[in-house]
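Right, one structure below, let's go through it.
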Amino acid sequence: MHSPFVMTIFGATGDLMRAKLMPALFGLFKQGSLPQDFFIFGFSRREITDQEFYELFPKLNTDPMWGDFIKHLHYQQGTFEDPAGYKELIKKLAAIDEKIGACVTRLFYLATPPDNYEIILDNLKSTKLAEGCGQGSNKWTRIVIEKPFGKNLETAIHLDKKLSDIFEEKQIFRVDHYLGKENVQNMLAFRFANGIFEPVWNNTYIDHIQVTISEKNGIGTRGKFFDGVGNLRDVAQNHLLQLVAAVTMEQPKSFMKEDVRDARAHAIQAITCIEPEKVSEHVVRGQYQSYADEKNVDLGSDTETFVAMKFFMDTPRMKNIPIYARAGKKMKEDVVEISIVFTQTCHVLFKEYGCPEIGNVITIRIQPDEGIRMRFIAKKPGSKLSLEPVEMKFSYQEGFGSRGIDAYEKILLDILNGEQILFNRTDELMSSWKFITTILHGWEKYNPKLVIYEDGSWGPREADDLIKKDGRRWI
Ligand code: BG6
-3 MHSPFVMTIF
7 GATGDLMRAK
17 LMPALFGLFK
27 QGSLPQDFFI
37 FGFSRREITD
47 QEFYELFPKL
57 NTDPMWGDFI
67 KHLHYQQGTF
77 EDPAGYKELI
87 KKLAAIDEKI
97 GACVTRLFYL
107 ATPPDNYEII
117 LDNLKSTKLA
127 EGCGQGSNKW
137 TRIVIEKPFG
147 KNLETAIHLD
157 KKLSDIFEEK
167 QIFRVDHYLG
177 KENVQNMLAF
187 RFANGIFEPV
197 WNNTYIDHIQ
207 VTISEKNGIG
217 TRGKFFDGVG
227 NLRDVAQNHL
237 LQLVAAVTME
247 QPKSFMKEDV
257 RDARAHAIQA
267 ITCIEPEKVS
277 EHVVRGQYQS
287 YADEKNVDLG
297 SDTETFVAMK
307 FFMDTPRMKN
317 IPIYARAGKK
327 MKEDVVEISI
337 VFTQTCHVLF
347 KEYGCPEIGN
357 VITIRIQPDE
367 GIRMRFIAKK
377 PGSKLSLEPV
387 EMKFSYQEGF
397 GSRGIDAYEK
407 ILLDILNGEQ
417 ILFNRTDELM
427 SSWKFITTIL
437 HGWEKYNPKL
447 VIYEDGSWGP
457 READDLIKKD
467 GRRWI
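Position 242, counted from 1, in the sequence shown is what the numbering used here calls 238; the numbers after and before it change by one each time, with no gaps.
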């Protein structure tokens, strides 16, 4: 159980709040993981009452415990630009401190589109909200900032500077909720607590790595946000690269916060930038067919909803291993997976018995059905020798009777505990932006074709060609 807290969520009527934050907060409440005294303030520009605010969550408000939960939930109307709303909030937060008889920890959660971050930070500073109740001391406040953190390297540096002018590093929580996914966290244990994987987890044995983030949904009601951002910034800069880091990083010196963050940051730093003139060859940008019909999307928009790329990493362990990574919306399936494909070394003795084209593969299923599959070659039953690939499977649900904690619940718990391991540090963010910004430059300069793919498909044919031309295929 944690000490009392007040969490102010900016952008409380938005999609992130509806889809992830509120369900996670309510989930933690139902599990008894929140303290007796906690206060959540939704801050948004919409002029609505507390009651109308509660009704924004129809999937939750039929739950019998919702009635108890909303006693902790309040709405604060305000525009992000105008200090008036912030001043109202100050009064309410001061009243809470008085009621509790202590400086209650204040958490400010920026769940708005990134264009609003600067103005909110400015107002948190100028109204002294950032300083907490013992004004002049920032001991009691934390800032939580969602991705995308900036629009490119330059804006990310600028935003980070603004953040660090107001808050100390220990107060800053830069969220990438993929780091909170159970099987992403499991990667350290899987790779380094088992003696059998580490010796082959390198360029002597690995042929290539594939990472896929495939989503069945399109952009839904998020057109206004998404059309100015695109999937490269929305998903690849953060979630996709974090998955790559999870399977390529070195063993951290310890499980202390900075050692784990160091290992992650070194992995991302080691990703070799795709030079602008090579971007057309190594990066595919696609858009699903019905994108133009989506709400709040510019006429003739060329925003990408799919990206696939091939790149390398410059570490002794990973050098020369091609990494193929793709992320797309309106795809055939909801699946997030990483596959480590090992070099096929079917012994010469077996050649005439039909060596499968792909031999050993370790597939880490991030969602759904979190688990790990291992493909190997077996003798087909029967009197004759004949070979076929088979799979061994581990599923979190079957193995532990639970799929583990929801990523946002984990992220929120860590924020409440002040635990920063699963949050991005400046250096890892800047390295990922450097990589992504180089691609953006390539797109600007050479304007490669945006390829249209069928809704409900596995993305454009060009993404298949990207890997096929190396004699490989998506698993
Ligand atoms: C978010 C992106 O960060 O992650 C969304 O903004 C994306 O576009 C979502 O749909 C995917 O998260 P999850 O947890 O549903 O895989």
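Cβ coordinates follow ideal geometry from the N, Cα and C atoms, glycine included. Model, not experiment: these values are computed from the prediction.
Can you tell me whether residue i is helix, strand or coil according to DSSP?
{"i": "F76", "result": "coil"}
{"i": "L462", "result": "helix"}
{"i": "H472", "result": "The question about residue 472 has no answer here: the residues shown for the chain are numbered -3 through 471."}
{"i": "T359", "result": "strand"}
{"i": "S160", "result": "helix"}
{"i": "H173", "result": "helix"}
{"i": "I270", "result": "coil"}
{"i": "V558", "result": "Nothing about residue 558 can be read from this structure; the chain reaches only from -3 to 471."}
{"i": "S476", "result": "Given a span of -3 to 471 for the chain in the structure shown, any question on residue 476 remains unanswerable."}
{"i": "L106", "result": "strand"}
{"i": "S453", "result": "strand"}
{"i": "N182", "result": "helix"}
{"i": "D402", "result": "coil"}
{"i": "F49", "result": "helix"}
{"i": "N190", "result": "coil"}
{"i": "F396", "result": "helix"}
{"i": "N413", "result": "helix"}
{"i": "M419", "result": "Here residue 419 turns out to be Phe, not Met, going by the sequence shown. Reduced to three states, the DSSP call for F419 is coil."}
{"i": "F145", "result": "coil"}
{"i": "M314", "result": "coil"}
{"i": "S250", "result": "coil"}
{"i": "H437", "result": "helix"}
{"i": "K347", "result": "helix"}
Going by CA-CA distance only, name the one from the options that's closest to residue i.
{"i": "A15", "options": "F396, V275 and A107", "result": "A107"}
{"i": "R369", "options": "K389, P385, K376 and E384", "result": "K389"}
{"i": "G475", "options": "Q247, A321 and V357", "result": "For the chain, the structure presents residues -3 to 471; residue 475 sits outside this window and is missing."}
{"i": "L436", "options": "Y404, P312, E77 and C269", "result": "C269"}
{"i": "V280", "options": "K376, A266 and Y442", "result": "Y442"}
{"i": "G128", "options": "S286, Y82 and H173", "result": "Y82"}
{"i": "L446", "options": "Y284, L418 and I432", "result": "Y284"}
{"i": "I139", "options": "E150, F193 and E114", "result": "E114"}
{"i": "P0", "options": "W136, P110 and W62", "result": "W136"}
{"i": "S453", "options": "H204, Q265, E211 and C351", "result": "E211"}
{"i": "Q233", "options": "A189, S250 and H173", "result": "H173"}
{"i": "L295", "options": "V303, K88 and S286", "result": "S286"}
{"i": "A403", "options": "L52, K124, S160 and L175", "result": "L175"}
{"i": "L56", "options": "Y71, K158 and G23", "result": "G23"}
{"i": "N316", "options": "K143, I267 and E440", "result": "I267"}
{"i": "A152", "options": "K465, I432 and R468", "result": "I432"}
{"i": "V357", "options": "T123, Q363, G350 and E333", "result": "E333"}
{"i": "M245", "options": "Y71, F76, L462 and E424", "result": "E424"}
{"i": "D111", "options": "L155, G97, R457 and K291", "result": "L155"}
{"i": "R399", "options": "N179, D11 and D64", "result": "N179"}
{"i": "P364", "options": "Q393, A185 and D64", "result": "Q393"}
Spell out the partners DSSP gives residue i in its beta bridges.
{"i": "G324", "result": "S210 and F302"}
{"i": "I471", "result": "I471 pairs with nothing; no bridge assigned."}
{"i": "T101", "result": "F1"}
{"i": "E333", "result": "T208 and R361"}
{"i": "F307", "result": "I319"}
{"i": "T137", "result": "R102"}
{"i": "I153", "result": "Per DSSP, none; premise fails for I153."}
{"i": "I202", "result": "F338"}
{"i": "I168", "result": "I139"}
{"i": "F6", "result": "F39 and L106"}
Quick check on the DSSP output: the beta strand (DSSP E) that includes residue i runs from which residue to which?
{"i": "P385", "result": "L383 to S391"}
{"i": "L120", "result": "Taken as a continuous stretch (DSSP letters only), L120 belongs to no beta strand (DSSP E), being part of the alpha helix (DSSP H) at Y113 to S122."}
{"i": "A375", "result": "It is Lys, not Ala, that sits at residue 375 in the sequence shown. Segment G367 to K375, the beta strand (DSSP E) holding K375."}
{"i": "F34", "result": "F34 to S40"}
Would you kindly report the start and end of the unbroken alpha helix (DSSP H) that includes residue i?
{"i": "G216", "result": "G216 -> no alpha helix (DSSP H), and no H or E assigned at all."}
{"i": "I264", "result": "K253 to Q265"}
{"i": "C449", "result": "Before going on, a small fix: residue 449 reads as Tyr here, not Cys. Unbroken run through Y449 is the beta strand (DSSP E), L446 to Y449; no alpha helix (DSSP H)."}
{"i": "A20", "result": "M18 to K26"}
{"i": "Q238", "result": "L237 to T244"}
Please tell me whether, using a cut-off of 7 Å, the distance from the CB of residue i to the nearest non-hydrogen atom of the ligand COA is below it.
{"i": "V293", "result": "Judged by which ligands are present, the ligand COA is missing from the structure shown, whose ligands are the ligand BG6."}
For chain C, is any of its Cβ atoms less than 8 Å away from the one on residue i?
{"i": "G224", "result": "Of the protein chains in the structure, only one exists, and it is not chain C."}
Touch test, the segment 253 to 260 against the segment 321 to 331, Cβ-Cβ under 8 Å, three pairs minimum: Contact fails: fewer than three Cβ-Cβ distances are below 8 Å.
Check whether the segment 380 to 388 and the segment 352 to 369 touch, using three or more Cβ-Cβ pairs below 8 Å as the test. Output reads yes: the segment 352 to 369 touches the segment 380 to 388.
Measuring CB atoms only, is the segment 298 to 314 touching the segment 185 to 202, in the sense that at least three cross pairs come out at less than 8 Å? Touching, yes, given that three or more Cβ pairs across the two stretches are closer than 8 Å.
Segment contact flag, the segment 83 to 90 with the segment 40 to 59, C-beta cutoff 8 Å, min 3 pairs: The segment 83 to 90 vs the segment 40 to 59: no contact.
Are at least three pairs of beta-carbons, each pair with one atom in the segment 298 to 305 and one in the segment 335 to 344, less than 8 Å apart? Contact between the segment 298 to 305 and the segment 335 to 344 is absent, because fewer than three Cβ pairs lie under 8 Å.
Check whether the segment 314 to 323 and the segment 218 to 236 touch, using three or more Cβ-Cβ pairs below 8 Å as the test. Taking one beta carbon from each stretch, the segment 314 to 323 and the segment 218 to 236 have 3 or more pairs nearer than 8 Å; the two touch.
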